[in-house]
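J.:
Protein chains: 2
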Amino acid sequence: MALTIYDIAKIAGVSIATVSRVFNNPDSVTESTRNRILQIAQKNGYHPQAFAQALASKRTKSIAVIVPVLSNYFFMEILSGIQDQLIESESELVLVNIMSGVDAFQQVQYQVKRRWADGYILISTHLTNEQYEELGSCQIPIVLIDDYHPNYDTVTTDNVEGAYLATKHLLDQGVRNVAMISASKLSAPIKLRIKGYKKALDEFDLFDESLIFYGNSDYRDGFSEQNGYEAMIQLLDSDPQPDACFCTSDIKGIGALKAMRERNIEIPMICYDNLSVSRYIGLSTVAQPMQQMGSKAVTILLDRIQNPSNLRSNVTFTPSLAIRDSFVSQS
Amino acid sequence: MALTIYDIAKIAGVSIATVSRVFNNPDSVTESTRNRILQIAQKNGYHPQAFAQALASKRTKSIAVIVPVLSNYFFMEILSGIQDQLIESESELVLVNIMSGVDAFQQVQYQVKRRWADGYILISTHLTNEQYEELGSCQIPIVLIDDYHPNYDTVTTDNVEGAYLATKHLLDQGVRNVAMISASKLSAPIKLRIKGYKKALDEFDLFDESLIFYGNSDYRDGFSEQNGYEAMIQLLDSDPQPDACFCTSDIKGIGALKAMRERNIEIPMICYDNLSVSRYIGLSTVAQPMQQMGSKAVTILLDRIQNPSNLRSNVTFTPSLAIRDSFVSQS
DNA sequence: CTGAAAGCGCTTACAG
DNA sequence: CTGAAAGCGCTTACAG
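So, in structure tokens, the structure goes:
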């Protein structure tokens, strides 16, 4: 069985308080005893257990990020921003995902209420108003990324504006029949992006519901290569064939490109996200500052943990266009 | 302040033991009191705290996955396999990454020794033999993915064979001047893949060190789009220009494709991994069964947690070829 | 089915 | 700088 602080204290001939101090507040212990204890600990493979420390100190020194799914490029890039920002703090990052199939709210609530982290960042877990309110009553530090609720600190981007920018840019090139490749209508960001898309088309009185394509696959609310592929096939098969496309995610755009390749046709397309691969694939896209979103969320969360009574922070980033081959090569 | 089990017990007029049972062993409590307690807990937002439970029960009900970096497509796909397999168990998954810049071994050791999870899966954390030995002395359940050490349960793929398959396939098409786009020579899998590449070329007496290109960027041991791009530029600039290429990762391949596009030249290329995007991009590649690797690791780990004295499991998967456009389109 | 009590492995004022 | 002691919020035999 692994040794405890008692064993180490006994071997060293000191009290457990001293051993504890060596690990938590080294300077408060004489150098010689500190070194002796460290050596004994090292030799016996001792290290304080995280949950015992957490229970006694009431701090876990970790923050948890909750995502709807682990394997998602958009989340990943946000995560790397979170990670970078966290390095300076003492805390570490743990990541959990809520499982599909089970009620998302229950899972989020479970994670938060167990309080195994000092604070939580929820990425794209779009709960209902009531659910957010119930969750908020827990008084636990939580920051929302990619969703908004007045009771929370939030970090979002302007989805309406992003979609508008993309669609407007296409229209400015002179094309008129601009389609949209959407994801699930239930997705919160999608609702906003449809708005932005519509707004741009409305300026020319060109909006037409039937120009929005949804694909078939439900996986990840339609944010998949496969769904993008399907949607582009639908788009290309429609009559009249649209002559440009706003596609709501880079990953979907990769699927859409495959469809275009197969049909041997290329229409201008602007996607959404600006993943790191997109630059290399040559995807034109609406750039979300994912790294920044992550780091900003950390800053806010850490601050909230320190000062629970702070005013709410609601940060909204404005997306920008990154135009590349997939657009230029319309030929 | 949040309520504890004592508060709930008091409100319900029962002992804390009963409250505890409601959450841990519901059937052992009369339905009526159970419902009453549940209701009180619900109303007051009570839920047992994870670390107090962990300390008392000596089980955290979670397993931790440690990765060298969060934003990596290869890890992500393994993770999704891990996640799927874990659903059936009671445990949940938490993910931590070790930070670059700080000594990897120290961080891994820290995570493991704090014992905040019941077991650990280490993905691609290539430690030295001595480090693995020291870590192994902790007696904590650990499974290695993508690395091998006799003291551990391991899940690997045959990197030599994978590289051999790819190179051999290119040679079988009649090309002779087959280059390799490598990553850092320090990477454990790379060493093996160079072996496999060499093995295939040796059969034709064609191996030539100068056919291996490394790119410049060090980030992620060279497993980046940028590095692949750089390496392909080097390759295309070399004289004589190689007429085919084994590229050691799909992500690097995406960078390499960009270089080829820019130079307006296309040589057959077989990459490595078979990420989900690769199918859509049309990348030919050596397929690693990433999902399977993840799920297998979970099975082994869960088993080891139950039966610490089990014999070691060492599973090796054999990769296979997935040939697509990037190869065919050599024209 | 329920309760009293010991114990999980730590931290941290408090006193010296 | 160090120790004795209380306490963190739970679980779990044990007894009834």
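Those protein sequence lines, which keep their order, are chains A and B. For the first sequence, counting from 1, position 274 maps to 927 in the working numbering; every step adds exactly one. For the second sequence, counting from 1, position 163 maps to 816 in the working numbering; every step adds exactly one. Note that beta-carbon positions come from the ideal geometry of N, C-alpha and C, so glycine has one too. Just so we're clear, the structure is a prediction, and the values are computed from it rather than from any experiment.
#1: Using a Cβ-Cβ distance cut-off of 7 angstroms, determine whether Q983 (chain B) contacts chain A.
#2: Using C-beta distances below 7 angstroms, list every residue in its chain close to P679 (chain B), excluding the 5 sequence neighbours before and after it, in chain order.
#3: Chain B beta carbons: is any one of them nearer than 7 angstroms to that of A853 (chain A)?
#4: Residue range of the alpha helix (DSSP H) that F970 (chain A) falls in?
#5: Should the stretch 819-828 of chain A be called in touch with the stretch 883-902 of chain A, which here means at least 3 C-beta pairs below 8 angstroms?
#6: What did DSSP end up calling V755 (chain A) once you bin it into helix, strand or coil?
#7: Would you mind telling me which residues of chain A sit closer than 9 angstroms to Q702 (chain B), beta carbon to beta carbon, in chain order?
#8: Can you tell me whether P842 (chain B) is buried or exposed, with buried defined as 16 or more other CB within 10 angstroms of its CB?
#9: Determine the chain B residues that contact Q736 (chain A) at a beta-carbon separation under 7 angstroms, and present them in chain order.
#10: Check whether chain A comes within 7 angstroms of I669 (chain B), counting only Cβ atoms and requiring the distance to be less than that.
#11: Contact criterion: CB-CB distance below 7 angstroms. Does S733 (chain B) meet it with respect to chain A?
#12: In chain B, what lies closer than 7 angstroms to E745 (chain A) by C-beta?
#13: In angstroms, rounded to a whole number, what distance separates the CA positions of E878 (chain B) and M885 (chain A)?
#14: How do the stretch 734-752 of chain B and the stretch 746-756 of chain A stand: do at least 3 beta-carbon pairs fall below 8 angstroms, yes or no?
#15: Where does the unbroken beta strand (DSSP E) through E883 (chain A) begin, and where does it stop?
#16: Starting from D903 (chain A) and walking both ways along the alpha helix (DSSP H), at which residues does that stretch end?
#17: Pull up the distance between the alpha-carbon of A950 (chain A) and that of T807 (chain A), whole angstroms please.
#18: Output yes or no for whether 7 angstroms exceeds the beta carbon distance between I776 (chain A) and D799 (chain A).
#19: Where do the N-terminal and C-terminal ends of the alpha helix (DSSP H) with V813 (chain B) fall, by residue?
#20: Ordered along the chain, which non-local residues of its own chain (more than five positions away) have a Cβ less than 6 angstroms from that of L780 (chain B)?
#21: Quick one: grab the DSSP three-state call for V675 (chain B).
#22: Is V930 (chain B) buried or exposed, if buried means 16 or more other CB atoms sit within 10 Å of its CB?
#23: Roughly how many angstroms separate the alpha carbons of V831 (chain A) and P972 (chain A), rounded to a whole number?
#24: Less than 7 angstroms between the C-beta atoms of K851 (chain A) and F860 (chain A), yes or no?
#25: Distance check for G947 (chain A) and I920 (chain A), CA to CA, integer angstroms please.
#26: Are there 16 or more other CB atoms within 10 angstroms of the CB of D771 (chain B), so buried, or fewer, so exposed?
#27: Measuring alpha carbon to alpha carbon, tell me which residue in B:L818, B:D871, B:N963, B:Q695 is nearest C924 (chain B).
#28: For a cutoff of 7 angstroms on Cβ pairs, would you count I907 (chain B) as touching chain A?
#29: Rounded to the nearest angstrom, how far is the Cβ of S744 (chain B) from that of S715 (chain B), given a contact under 8 angstroms?
#30: Determine the chain A residues that contact C791 (chain B) at a beta-carbon separation under 7 angstroms, and present them in chain order.
#31: Can you give me the Cβ contacts of R674 (chain B) inside the same chain, cut-off strictly under 7 angstroms, excluding the 5 residues immediately before and after it?
#32: So with CB distances below 7 angstroms, who are the chain B contacts of S929 (chain A)?
#33: What whole-angstrom Cβ distance do G881 (chain B) and I834 (chain B) have, given they're in contact under 8 angstroms?
#34: I'd like the list of long-range same chain contacts for Q983 (chain A), defined as Cβ closer than 6 angstroms, with 5 residues on each side in sequence excluded.
#35: Assuming I661 (chain A) contacts I690 (chain A) under a Cβ cut-off of 8 angstroms, what Cβ separation, rounded to an integer in Å, is found between them?
T.: Let me lay it out:
#1: In this prediction, Q983 (chain B) has a pLDDT of 37, which is less than 50 and means its spatial position is unreliable; what the coordinates show is noted afterwards. Chain A has no Cβ within less than 7 angstroms of the Cβ of Q983 (chain B).
#2: Result list for P679 (chain B): R687, in chain order.
#3: Output row for A853 (chain A): interface = no.
#4: Careful: F970 (chain A) lies outside any alpha helix (DSSP H), inside the beta strand (DSSP E) at 967-970.
#5: By the Cβ criterion, the stretch 819-828 of chain A is in contact with the stretch 883-902 of chain A, since at least three pairs of Cβ atoms, one from each stretch, lie closer than 8 angstroms.
#6: DSSP, reduced to helix, strand and coil, places V755 (chain A) outside both helices and strands of the structure shown, so it counts as coil.
#7: Near Q702 (chain B) (Cβ distances below 9 angstroms), the residues of chain A are A707, L708, K766, R767, R768, W769.
#8: Of the residues assessed, P842 (chain B) falls on the buried side of the cut-off, its CB having 16 or more other CB atoms within 10 angstroms.
#9: Within 7 angstroms Cβ-Cβ: L723, N750.
#10: For I669 (chain B), the closest Cβ of chain A is not nearer than 7 angstroms.
#11: So, interface residue.
#12: Simply V749.
#13: Their backbone Cα atoms lie some 26 angstroms apart in a straight line.
#14: Contact between the stretch 734-752 of chain B and the stretch 746-756 of chain A is present, because at least three Cβ pairs lie under 8 angstroms.
#15: From DSSP, E883 (chain A) is part of no beta strand (DSSP E) but of the alpha helix (DSSP H) over 878-890.
#16: Run containing D903 (chain A): 903-916, per the alpha helix (DSSP H) assignment.
#17: One C-alpha to the other measures close to 8 angstroms.
#18: One thing to note: I776 (chain A) has its Cβ within 7 angstroms of the Cβ of D799 (chain A).
#19: Per DSSP, V813 (chain B) belongs to the alpha helix (DSSP H) from 812-825.
#20: Taken in chain order, the residues that qualify are F758.
#21: Here V675 (chain B) sits in helix by DSSP.
#22: Flag for V930 (chain B) reads buried.
#23: Between V831 (chain A) and P972 (chain A), the alpha-carbon positions lie close to 20 angstroms from each other.
#24: Yes, Cβ-Cβ distance for K851 (chain A) and F860 (chain A) is below 7 angstroms.
#25: I920 (chain A) and G947 (chain A): Cα-Cα distance of roughly 33 angstroms.
#26: Around the beta carbon of D771 (chain B), 16 or more other beta carbons sit within 10 angstroms, so the residue counts as buried.
#27: Per the Cα distances, B:L818.
#28: Chain A has a Cβ within less than 7 angstroms of the Cβ of I907 (chain B).
#29: Cβ atoms of S744 (chain B) and S715 (chain B) come within 8 angstroms of each other, at about 6 angstroms.
#30: Contacts between C791 (chain B) and chain A, judged by CB atoms closer than 7 angstroms, involve G698 in chain order.
#31: Excluding positions up to five away in sequence, the list reads S681, V682.
#32: By Cβ distance, chain B contributes E878.
#33: Contact flag correct, Cβ pair sits at about 6 angstroms.
#34: Model confidence at Q983 (chain A) stands at a pLDDT of 37, short of 50, so the residue's coordinates are unreliable; what they give is reported in the following sentence. Apart from the 5 residues on each side of it in sequence, Q983 (chain A) sits with its Cβ closer than 6 angstroms to the Cβ of P921 in its chain, given in chain order.
#35: Indeed they touch by this definition, with Cβ atoms about 7 angstroms apart.
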